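Here the structure comes first, spelled out in structure tokens, and everything after it is commentary.
There are 2 protein chains.
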Amino acid sequence: MFDILKINKLFQLMKNKNLDAVVIGPSNTLEFLTGFNPVGCERFQALFITCKRQYFYICNLIYAEDMKRWFEKTAPFYVWNDDQGFHETLKKAIVDFDLNNKRMALGESIRAVDLIDMKTLFPCEFVNGTDLLEELRIIKTEQDLNKMRMAACLADEVMDDLTRLIKPGMMEKEIKVKIEDLFIEKGADGLSFSPIVACGTNNSRPHYRGNSGVIANKDVLLLDFGCRYQGYCSDISRTFFIGYISKEEERIYTIAREAQAVAVLAAKEGARCCDVDREARKCIEGHGMGRYFLNRTGHGIGFDVHEAPYISGNDTRCLERGMVFSIEPGICVPGKVGMRVEDIVAINHQGETEVLNQFTREIVIIK
Amino acid sequence: MFDILKINKLFQLMKNKNLDAVVIGPSNTLEFLTGFNPVGCERFQALFITCKRQYFYICNLIYAEDMKRWFEKTAPFYVWNDDQGFHETLKKAIVDFDLNNKRMALGESIRAVDLIDMKTLFPCEFVNGTDLLEELRIIKTEQDLNKMRMAACLADEVMDDLTRLIKPGMMEKEIKVKIEDLFIEKGADGLSFSPIVACGTNNSRPHYRGNSGVIANKDVLLLDFGCRYQGYCSDISRTFFIGYISKEEERIYTIAREAQAVAVLAAKEGARCCDVDREARKCIEGHGMGRYFLNRTGHGIGFDVHEAPYISGNDTRCLERGMVFSIEPGICVPGKVGMRVEDIVAINHQGETEVLNQFTREIVIIK
Chain A
4 MFDILKINKL
14 FQLMKNKNLD
24 AVVIGPSNTL
34 EFLTGFNPVG
44 CERFQALFIT
54 CKRQYFYICN
64 LIYAEDMKRW
74 FEKTAPFYVW
84 NDDQGFHETL
94 KKAIVDFDLN
104 NKRMALGESI
114 RAVDLIDMKT
124 LFPCEFVNGT
134 DLLEELRIIK
144 TEQDLNKMRM
154 AACLADEVMD
164 DLTRLIKPGM
174 MEKEIKVKIE
184 DLFIEKGADG
194 LSFSPIVACG
204 TNNSRPHYRG
214 NSGVIANKDV
224 LLLDFGCRYQ
234 GYCSDISRTF
244 FIGYISKEEE
254 RIYTIAREAQ
264 AVAVLAAKEG
274 ARCCDVDREA
284 RKCIEGHGMG
294 RYFLNRTGHG
304 IGFDVHEAPY
314 ISGNDTRCLE
324 RGMVFSIEPG
334 ICVPGKVGMR
344 VEDIVAINHQ
354 GETEVLNQFT
364 REIVIIK
Chain B
4 MFDILKINKL
14 FQLMKNKNLD
24 AVVIGPSNTL
34 EFLTGFNPVG
44 CERFQALFIT
54 CKRQYFYICN
64 LIYAEDMKRW
74 FEKTAPFYVW
84 NDDQGFHETL
94 KKAIVDFDLN
104 NKRMALGESI
114 RAVDLIDMKT
124 LFPCEFVNGT
134 DLLEELRIIK
144 TEQDLNKMRM
154 AACLADEVMD
164 DLTRLIKPGM
174 MEKEIKVKIE
184 DLFIEKGADG
194 LSFSPIVACG
204 TNNSRPHYRG
214 NSGVIANKDV
224 LLLDFGCRYQ
234 GYCSDISRTF
244 FIGYISKEEE
254 RIYTIAREAQ
264 AVAVLAAKEG
274 ARCCDVDREA
284 RKCIEGHGMG
294 RYFLNRTGHG
304 IGFDVHEAPY
314 ISGNDTRCLE
324 RGMVFSIEPG
334 ICVPGKVGMR
344 VEDIVAINHQ
354 GETEVLNQFT
364 REIVIIK
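So the sequence lines, in the order shown, correspond to chains A and B. Quick note on the numbering used here: the first sequence kicks off at 4 and runs consecutively. Quick note on the numbering used here: the second sequence kicks off at 4 and runs consecutively.
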């Protein structure tokens with residue numbers, strides 16, 4: 004079940020950080036390690052991996068059949084039922100694996116309320132495991148890259164289909180449903196995140212999640228979506244103009260697009276993430292729009308849609324072969340308009356900066 | 004922005020539990036209190052409400068415009084950007100609101116990794132706030148009930164539509180997409196959870212989340228889905244038979260249906276949740292199938308699809324007017340078959356047990 008390369012890398016990272024165990028709940032991280040990502044609900048479940056190269060899984064009885072088929076027949080399983088709750092079962096597991104008073108890193112999907120309960124059950128030092136678990140998959144193999152190329156290609160295709168489907172009068176939520184339908188039709192596993200479809204002035208909010216906007220003539224329409232393909236994510240944003248583009252809109256769009264191109268150019272093997280961010284920021288500031296650039300320039304992407312590296316002022320890491328990330332500087336004028344162009348970019352194994360998305364960055368006016 | 008009745012109830016509960024603050028991240032709980040549920044991503048954001056009837060909101064710059072429009076103009080806002088991270092900004096807010104060394108309850112969506120960081124930033128006692136926050140909304144008003152009746156009615160309609168749409172050869176994931184489309188068409192806000200569509204032997208796993216099963220003749224097909232309507236959730240399960248039902252399948256289905264009817268009958272005003280669970284369990288045990296009844300008999304439902312009360316062996320609470328919950332005893336024979344019938348049931352304000360779902364519980368064979 005465990006990929007030997009991945010698990011060896013995990014043990015090395017645990018050793019470097021002096022960790023006795025990592026605890027991983029349902030998440031893309033769990034799927035990356037085990038191939039399985041169970042439905043997360045309020046019932047506690049997690050994989051515990053110890054530095055002694057042992058592991059166990061704890062879950063509610065209703066997940067036991069699902070989980071047991073993913074682990075070796077001999078895997079240690081701790082199953083609790085709804086009548087008992089998980090406390091006593093977990094306490095026993097902690098004793099069995101000699102984890103009392105040890106140092107454990109928690110993955111990002113463990114809930115604070117469960118950590119609070121765990122602290123009352125057994126004494127341990129708990130640390131934030133996010134960086135370690137992202138480190139585990141920051142370098143993509145050629146095989147991973149191929150899946151990401153395919154995921155990006157599907158996103159390009161859906162974007163292209165939408166330019167023909169979208170008409171004034173459509174509601175934002177209709178387009179969201181359409182995006183999912185199109186991805187499923189094309190063979191994606193599903194969405195990588197809930198699509199952002201923002202018309203009118205809604206797009207000045209970068210993560211707008213409303214549904215009920217109706218596309219009107221002369222609107223600016225921002226689309227930001229992606230799929231998962233064989234586990235790997237895509238993420239693309241484009242800004243469209245419905246029937247018309249004003250001079251001011253053209254000016255803003257041109258700046259957003261220029262900043263994106265500048266950042267892609269800066270994203271070379273060996274460049275620091277923060278310097279790539281700086282280039283995009285300098286470009287937008289140069290046009291006097293600095294205060295409207297709210298987001299980081301980009302985020303790593305892979306099994307999760309947001310993961311290391313972060314193309315942000317506080318990530319001083321250097322870009323290496325196998326890293327994949329978005330480049331998406333945005334301009335958001337509060338209550339007025341938001342625009343961005345987002346592509347996924349890889350430093351490929353030839354050391355080249357490869358833009359995975361091909362959909363046009365030219366001005367597109369939807370009639 | 005805050006409903007005065009809800010917020011007064013919260014302050015009363017905080018006082019009873021000797022709490023100085025509650026911390027609520029993006030979640031249905033936040034939406035229940037504020038009307039807004041922002042996209043949760045890895046960027047820390049939360050509403051802090053103090054026992055002095057003060058509050059503040061902390062979020063990343065990219066969410067600031069969204070959030071500010073939900074709060075009063077004068078609401079205290081702490082905004083951090085991607086370059087800084089949230090630590091220093093939160094520390095300042097904690098000092099400003101005199102929350103150092105205080106007792107804080109965390110809501111269910113706060114991440115353990117953020118709690119670990121918070122513990123390094125300021126000294127506080129953190130407690131599990133799940134029960135308190137669920138208590139806040141365990142009693143539905145007549146107006147809430149009307150929304151839940153409508154949500155249930157939409158779920159019944161979608162179930163009915165599906166009996167005509169589903170054909171052998173369809174993939175599970177096509178049906179999932181169809182369920183969402185139908186709900187949107189009918190005016191729901193969206194899904195209340197990712198639908199479970201489980202054909203063949205997949206349905207022996209109660210929370211099966213696979214996609215790729217293909218419906219074959221003679222299959223048993225389990226559907227479990229719901230929508231949100233004006234914030235309130237529905238949740239329905241039915242088991243269908245594709246073209247044929249065997250004697251053994253008929254026997255199991257009849258037991259599942261009987262157990263469900265028995266539990267609905269037991270779910271009277273004043274009955275203890277655990278006793279309702281016991282009745283369902285006795286029925287299935289009486290037919291020699293006790294070991295295949297894996298789940299609790301039901302869960303409360305409202306703004307969240309799982310919330311208090313829990314119709315489970317360890318919930319000794321008595322059912323009161325205004326409580327709404329599922330009744331869904333299931334029979335899961337590992338690797339073979341799983342069946343359940345699930346309805347949402349309310350103790351209405353006349354003290355009656357009202358079944359909100361109307362879709363037939365008779366055997367349905369889909370041709």
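The beta-carbon is built from N, C-alpha and C at its ideal position, and this holds for glycine as well. As the structure is a prediction and not an experimental result, all values here were calculated from the model.
Not a single CB atom of chain A sits nearer than 9 angstroms to the CB of residue 293/B.
Per DSSP, the unbroken beta strand (DSSP E) holding residue 333/A starts and ends at 333–336.
Residues of the stretch 230–252 of chain A with a C-beta atom less than 7 angstroms from some C-beta of chain B do not occur. Close partners of residue 133/A in chain B (Cβ separation under 7 angstroms): 116. Boundaries of the alpha helix (DSSP H) harbouring residue 32/B: 31–37, taken from the DSSP string. Residue contact with chain B for residue 143/A: absent (no Cβ-Cβ distance below 9 angstroms to any residue of chain B). If one requires a minimum length of 4 residues, the alpha helix (DSSP H) runs lying completely within the stretch 194–269 of chain B are 250–269, in chain order. Residue pairing by DSSP places residue 130/A opposite 108/A in a beta bridge. Fewer than three Cβ pairs drawn from the stretch 174–181 of chain B and the stretch 133–151 of chain B lie within less than 8 angstroms of each other, which leaves the two stretches out of contact. Counting the other Cβ atoms within 10 Å of the Cβ of residue 268/A gives fewer than 16, which makes it exposed. Close partners of residue 208/A in chain B (Cβ separation under 7 angstroms): 68 and 69.
Its chain contains 245, 246 and 247 as the residues whose beta carbon lies nearer than 7 angstroms to that of residue 221/A, once the 5 sequence neighbours on both sides are disregarded; these appear in chain order. Taking 8 angstroms as the upper bound for CB-CB distance, residue 280/B and residue 315/B are in contact here, some 5 angstroms apart.
Two segments are said to touch when three or more pairs of C-beta atoms, one from each, lie closer than 8 angstroms; by this definition the stretch 347–356 of chain B touches the stretch 316–327 of chain B. Contact residues of the stretch 83–95 of chain A toward chain B are 84, 85, 86, 87 and 88 (C-beta to C-beta distance below 8 angstroms). For residue 302/B, no alpha helix (DSSP H) encloses it; the enclosing beta strand (DSSP E) starts and ends at 301–303. Taking the Cα positions, residue 226/A is about 27 angstroms away from residue 74/B.
When only Cα atoms are considered, residue 109/B and residue 129/B end up about 7 angstroms apart.
Here residue 33/A is not near residue 5/A, since their CB atoms are 9 angstroms or more apart. Taking C-beta atoms as the reference points, residue 258/A and residue 309/A fail to come closer than 9 angstroms.
In terms of Cβ geometry, residue 252/A and residue 161/A do not form a close pair [threshold 9 angstroms]. Assigned with DSSP and collapsed to three states, residue 54/A falls in coil, not helix or strand.
For residue 110/A, a Cβ of chain B is located within less than 9 angstroms of the residue's own Cβ. About 6 angstroms separates the beta carbon of residue 305/A from that of residue 235/A, a gap short enough to meet the 8 angstroms contact definition.
Here DSSP, grouped into helix, strand and coil, assigns residue 63/B to strand. For secondary structure counted as the beta strand (DSSP E) over 3 or more consecutive residues, the stretch 276–312 of chain B holds these complete runs in sequence order: 301–303. Chain-order list of chain A residues neighbouring residue 104/B: empty, with the shortest C-beta distance near 17 angstroms, by a criterion of under 9 angstroms. If you draw a straight line from the Cα of residue 367/B to the Cα of residue 261/B, it is about 16 angstroms long.
Counting along the chain, residue 152/A sits inside no beta strand (DSSP E); it lies in the alpha helix (DSSP H) bounded by residues 145–168.
Of the other Cβ atoms in all chains shown, 16 or more fall within 10 Å of the Cβ of residue 237/A; this residue is therefore buried. Residues of the stretch 306–321 of chain A with a C-beta less than 8 angstroms from any C-beta of chain B: 309, 313, 315, 316 and 317, listed in chain order. Within 10 angstroms of the beta-carbon of residue 91/A lie fewer than 16 other beta-carbons, which makes it exposed. Residue 31/B is outside the set of residues whose beta carbon lies under 9 angstroms from a beta carbon in chain A. DSSP, read as helix, strand or coil, puts residue 328/A in strand. For residue 173/A, no alpha helix (DSSP H) run applies, since DSSP gives it neither H nor E.
Counting only residues of its own chain and dropping the five nearest sequence neighbours on each side, residue 296/B has a CB closer than 7 angstroms to the CB of 284, 287, 332, 333 and 334.
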